[in-house]
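Residue numbers (the numbering used here): 2 to 96. By construction, the Cβ of each residue, glycine as well, lies at the ideal position given by its N, Cα and C atoms.
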């Protein structure tokens, strides 16, 4: 029989809190007309769609997961260590 102890419960993970922290950091760049671009504008459209979806938690999580490398690049380009730390936590706990 499989060892069920190897499975970890996700009940104590704050998915919304972790996503919210990353999105707050990301918003500083998305909301600044000098820093945004068509790529991030499209991301914002997709985020709005995810938030309005039937399963917004899963859809937002998938959207963020699929843009991790772009967010890392953005945060590194601006030496935003706090944003990188929030993103690492999201990756480690939620992806």
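Nearest residue (CA-CA) to residue i, options the options
i          : options    : result
residue 61 : 72, 49, 71 : 49
residue 37 : 12, 71, 93 : 71
Beta-carbon proximity check, residue i vs residue j, cutoff 8 Å
i          : j          : result
residue 91 : residue 20 : yes
residue 77 : residue 88 : no
residue 16 : residue 95 : yes
Where residue i falls: helix, strand or coil (DSSP)
i          : result
residue 67 : helix
residue 2  : Confidence in residue 2 is poor, its pLDDT being 48 and thus under 50, which makes the residue's placement too unreliable to answer from.
residue 34 : coil
residue 87 : helix
residue 49 : helix
residue 55 : coil
residue 80 : coil
- Query: Would you call the segment 53 to 68 and the segment 13 to 28 in contact, with 3 or more CB pairs under 8 Å?
  - Reply: yes
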